[in-house]
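3 is the number of the first residue of the sequence shown in the numbering used here; add one for each residue after it. Ideal Cβ positions, reconstructed from N, Cα and C, are used throughout, including at glycine. Note that this is a predicted model, so its numbers are computed, not measured. For reference, the structure discussed in these notes is given below.
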Amino acid sequence: MGPFGAPGLIRAVEACFPRALRQRCLVHRMRNLRSKAPESQWPEIALRARGCYEAASPALAAVLRDDFVAAYERDLPAVVQCFRDDFERASPTSASRCAIGAWSAPPTCSSGSSWRSDVARRSSRTPSGSGRC
């Protein structure tokens, strides 16, 4: 379950499932970065950030993360701080959270619409051969 940044829900999930991993979706990570980045530099920042978030391995993600930080730390400290916070706290690459072999790219979401549509689809009384998803 994704608590979608709701502090009360996050505390409740952490209290009930203290060892559970929590991860922010890629869409929300990118929106956070975009809100801090100059519009003129956003395309390059977005490409580099996505490269880090979608790297093929934790080792590659760490190398790309360090490159991202080196490229923007001096001129865009707010972007780098936002990136570091998301990367370290909510990333499967976090060394303290990632078991060997458990690597996966971060999920994306659309404010819960994907699970809502899945529930609607599964609870639909329409026969499966009707052409509806």
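Which of helix, strand or coil DSSP assigns to residue i
i	result
R21	coil
R99	Any reading at R99 is ruled out, since the residue's pLDDT is 40, under 50, leaving its predicted position unreliable.
D77	coil
A39	coil
A14	helix
R84	The sequence as given places Cys at residue 84; Arg does not occur at that position. C84: helix per DSSP, three-state reduction.
A8	coil
G114	Any answer about G114 is weak, because its pLDDT of 49 lies below 50 and its placement is not dependable; what the coordinates show is given next. Here G114 sits in coil by DSSP.
Segment limits, alpha helix (DSSP H) that includes residue i
i	result
D68	60 to 74
C54	44 to 55
Residue j beta carbon less than 9 Å from that of residue i
i	j	result
F85	V65	no
R137	D88	The question about residue 137 has no answer, for the chain in this structure spans 3 to 135.
L28	R67	no
Residues near residue i in its chain [Cβ-Cβ closer than 8 Å; skip 5 each side]
i	result
W44	R36
D69	R50
P79	none
Expected contact under 8 Å - CB spacing of residue i and residue j to nearest Å
i	j	result
R50	A14	Contact doesn't hold; Cβ gap of about 35 Å is too wide.
Nonlocal neighbours in the same chain, by C-beta distance under 7 Å from residue i, ignoring five residues either side
i	result
V81	L35, K38, A39, I47, Y74
Cβ neighbours of residue i in the same chain (closer than 6 Å, five flanking residues each side left out)
i	result
P9	none
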